[in-house]
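Those protein sequences? They're chains A and B, same order as listed.
Using full-length UniProt numbering, the first residue of the first sequence is number 1, and each one after it goes up by one.
Using full-length UniProt numbering, the first residue of the second sequence is number 1, and each one after it goes up by one.
Just so it is clear, CB atoms sit at the ideal spot from N, CA and C, and this is done for glycine as well.
These numbers come from a predicted model, not from an experiment.
2 protein chains.
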Amino acid sequence: MRVETPEIFADLQRKLMTAELQPGEKLKPSELQGFYGCSANTVRDVLLRLSKVGLVEFEMQRGFRVRASTPERRGDVTRFRILLEQEGARLSMLNGGVGWEARLTAAHHKLRHIESQIARSEDVVPFMGLWSDAELEFHETLISSCGSPILRETYGDIYVQFRQQMVGLERDFGSNYFHSIIAEHQAILDAALVRDIEACRTAIYDHLKRNL
Amino acid sequence: MRVETPEIFADLQRKLMTAELQPGEKLKPSELQGFYGCSANTVRDVLLRLSKVGLVEFEMQRGFRVRASTPERRGDVTRFRILLEQEGARLSMLNGGVGWEARLTAAHHKLRHIESQIARSEDVVPFMGLWSDAELEFHETLISSCGSPILRETYGDIYVQFRQQMVGLERDFGSNYFHSIIAEHQAILDAALVRDIEACRTAIYDHLKRNL
DNA sequence: AATTGCAAAAATTTTGAAATTTCCTTGCCT
DNA sequence: AGGCAAGGAAATTTCAAAATTTTTGCAATT
Chain A
1 MRVETPEIFA
11 DLQRKLMTAE
21 LQPGEKLKPS
31 ELQGFYGCSA
41 NTVRDVLLRL
51 SKVGLVEFEM
61 QRGFRVRAST
71 PERRGDVTRF
81 RILLEQEGAR
91 LSMLNGGVGW
101 EARLTAAHHK
111 LRHIESQIAR
121 SEDVVPFMGL
131 WSDAELEFHE
141 TLISSCGSPI
151 LRETYGDIYV
161 QFRQQMVGLE
171 RDFGSNYFHS
181 IIAEHQAILD
191 AALVRDIEAC
201 RTAIYDHLKR
211 NL
Chain B
1 MRVETPEIFA
11 DLQRKLMTAE
21 LQPGEKLKPS
31 ELQGFYGCSA
41 NTVRDVLLRL
51 SKVGLVEFEM
61 QRGFRVRAST
71 PERRGDVTRF
81 RILLEQEGAR
91 LSMLNGGVGW
101 EARLTAAHHK
111 LRHIESQIAR
121 SEDVVPFMGL
131 WSDAELEFHE
141 TLISSCGSPI
151 LRETYGDIYV
161 QFRQQMVGLE
171 RDFGSNYFHS
181 IIAEHQAILD
191 AALVRDIEAC
201 RTAIYDHLKR
211 NL
C-alpha cells in the first residue's frame, strides 16, 4: 500500500482530529513507517509539519506525541478561538461587502440544512463528517473579510485543535443540543448581516461558552 | 567548524531576525549544509521548525524562503501583535498578583536603564542587542499572567516575526525617537500597575501604531 | 519577436543504515 | 528494602546517496 506524502499528512490529521489517535499517545516514526510503506524520515517530516498546526507535540530528542487533552487546554483553546473569531468577525463586518454577506448567507444555508436533518434524525454519527465541514466553512467565512492573513491562518490552526480537544468528550447530543446550535448560528448570522458588532461578539461567545 | 543542531537553529534565527538573511531570499539546505558542516537533512529539519515560528516560508517541493517583508505584512503582524498584547495585558491585570507587578516593575527598570543610555548616546547600534532583549522581556512579562499558554506562545512567535519585519526598515533613531519610546513604555507600566484596562489598551496601541 | 517543447541542470524529497541519545531493566551497594 | 549505576534495548537523529520533481537554458516553430 503505497501512499504519497500529502496523503499521509491528511490521513494522520484526520486520525488526530477524530481521536483515532488518542491524546497523549506516542507517535513513533518507526512504527507508522510500516503502515504507510515509507521510510521513517518521511513520517518524521509529516509529524514536524503537524506540530506546526498544533495537533502534535514535539520535543527534541524525545520525539512526537499526540497533543494532550486536559480541561485546562480545552478552556485555553476555546478562549483563544473566541478571541480570534470575535476580532475576525468584527473586522469582516467593517471591511466586508455584499460579496461577503452573500458567501456568509450561502454557508449558513448549507449548515442550517444539515443541522435540520440532524435535529430530525435519531443518530447523529452518520452526519458528523458533513456537519463538521459545513460548520468550519461557516465560521471561516464569517472571518474571511477581516483582511488579516495571519488572523485567518491562526484561526484555522486553532479550529483544528479545538476539534481535537472536543472530540472524545462524551456529550449529550440530544435534539435539544442541535436546536440550540441552530439558534446560535442564526444569531451570529443575523448580527453579522446588520453589522451589529456587539451583538455578534456576544453571539459568538454564547455559541462557544459551553466548551469553557 | 562543528555545530550542534540547537546552535544551528539559534544562529539561523538570529540571522533571520537581523536581516543578515534578507526577506524573500531562498534558503537551500544544500548550501547551508557546507557552512554548518552538517548534512542537508539536518538543515532541512531546522528550517521546518523555523517555519513553525513563521520566520521562514515553506512550500512543498519548492523548498524554503525567508519570509517576505511587505508593507501589508508589516501591518498585519503589527495589528495581530496589538490584539494579542492588549488581550494578554488585560488578562494579566485581572489575574496577576503582586508577584506579577514586581516582575513587571523589574523588567521595566532594566529596560528604562538601557533606553536612557541610548537616548544619551550618539550611536544606537552597539546597544541594539541588549535593548532588544530588555524590550522582549518587558512585553512578555506584561502578558505573563494572562493564564493562557497558547496566547503566550503565539505572542512569542509574532514578536519574532515583528522584529523580522521591522529590522532593515530605515528609521530615524534620533534622540526624539527614544524619548518617545521611554514615555510609551512608562505609560504601559503605569496603566498596568493601577489595573486600568482601557488606559493600558490605549497605551499599547499608541506604542505600536507607528508600525502600522 | 514571442511562444512552445525538450533536454540538461539544479534543487527537493525519500531512503536505508549508521551514530547518538534516551529509556528501561538488572544487579550491586548502602 | 531503597537507591544508584551499568548495560542493553529501543527510539531519535544524522548522514550520504538515490530517486523524484522543479527550474533553467536552448533551439525549433509559429
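(request) Tell me the start and end of each unbroken beta strand (DSSP E) in the UniProt domain "HTH gntR-type" (2–69) of chain B that is at least 3 residues and wholly inside, in chain order. (result) 56–59, 63–66
(request) List the endpoints of the continuous alpha helix (DSSP H) containing A/Val124. (result) Segment: none, A/Val124 is in no alpha helix (DSSP H) and carries neither H nor E.
(request) Go through the stretch 83–169 of chain A residue by residue and report every complete run of the alpha helix (DSSP H) that reaches 4 residues or more, in order. (result) 98–120, 128–142, 149–166
(request) Rounded to whole angstroms, what's the CA-CA distance from A/Glu173 to B/Gln165? Just pull it up for me. (result) The amino acid occupying residue 173 of chain A in the given sequence is Phe; Glu does not appear at that position. If I take the Cα positions, the gap works out to 47 Å.
(message) Looking only at its chain, what residues have a beta carbon closer than 7 Å to the beta carbon of B/Met93, apart from the 5 residues adjacent to it on each side?
(response) Ala192, Arg195, Ile197, Cys200
(request) Starting from the Cα of B/Pro29, find the closest Cα among B/Phe9, B/Ile181, B/Tyr159, B/Ser116 and give me that residue. (result) B/Phe9
(request) Please report how far the alpha carbon of A/Asn211 lies from the alpha carbon of A/Arg171, in whole angstroms. (result) 11 Å
(message) With three or more C-beta pairs closer than 8 Å as the rule, is the stretch 153–165 of chain A touching the stretch 51–69 of chain A?
(response) yes
(request) Could you tell me which of A/Thr5, A/Thr18, A/Glu4 sits nearest to A/Leu169, measuring between CA atoms? (result) A/Thr18
(request) Answer with yes or no whether the minimum CB distance from B/Glu122 to chain A is below 8 Å. (result) no
(request) Note down, in chain order, each residue of its chain lying with its Cβ closer than 6 Å to the Cβ of B/Arg90, except the 5 sequence neighbours on either side. (result) Ile197
(request) Check distances from the C-beta atoms of the stretch 32–48 of chain A to those of chain B and list, in chain order, the residues that come in under 9 Å. (result) Asn41, Arg44, Asp45, Leu48
(request) Please go through the same chain and pick out, in chain order, the residues whose beta-carbon is closer than 7 Å to the beta-carbon of B/Ala68, but skip the five residues on each side of it. (result) Pro23, Gly24
(message) Would B/Leu189 and B/His108 qualify as a contact pair, given that the criterion is a beta-carbon distance under 8 Å?
(response) yes
(message) Just to make sure I have the definition right: I need the residues of chain A whose C-beta is within less than 7 Å of the C-beta of B/Leu151. Which are they?
(response) Phe80
(request) Quick one: give me the first and last residue of the alpha helix (DSSP H) that B/Leu189 is part of. (result) 175–193
(message) Is there a Cβ of chain B sitting closer than 8 Å to that of A/Asp105, yes or no?
(response) The question names Asp, yet the displayed sequence has Thr at residue 105 of chain A. Answer no: the Cβ-Cβ gap between A/Thr105 and chain B never drops below 8 Å.
(request) State yes or no: is the C-beta of B/Arg112 within less than 8 Å of the C-beta of B/Ile182? (result) yes
(message) The alpha helix (DSSP H) that contains B/Leu208, what's its start and end?
(response) 197–208
(message) I need the straight-line Cα distance from B/His185 to B/His207, nearest angstrom please.
(response) 7 Å
(message) Mapping the DSSP letters down to three states, classify residue 218 of chain A as helix, strand or coil.
(response) An answer regarding residue 218 of chain A cannot be provided, because it is not within the stretch 1 to 212 covered by chain A.
(request) Check whether the stretch 75–86 of chain B touches the stretch 135–152 of chain A, taking contact to mean three or more Cβ pairs, one atom from each stretch, closer than 8 Å. (result) yes
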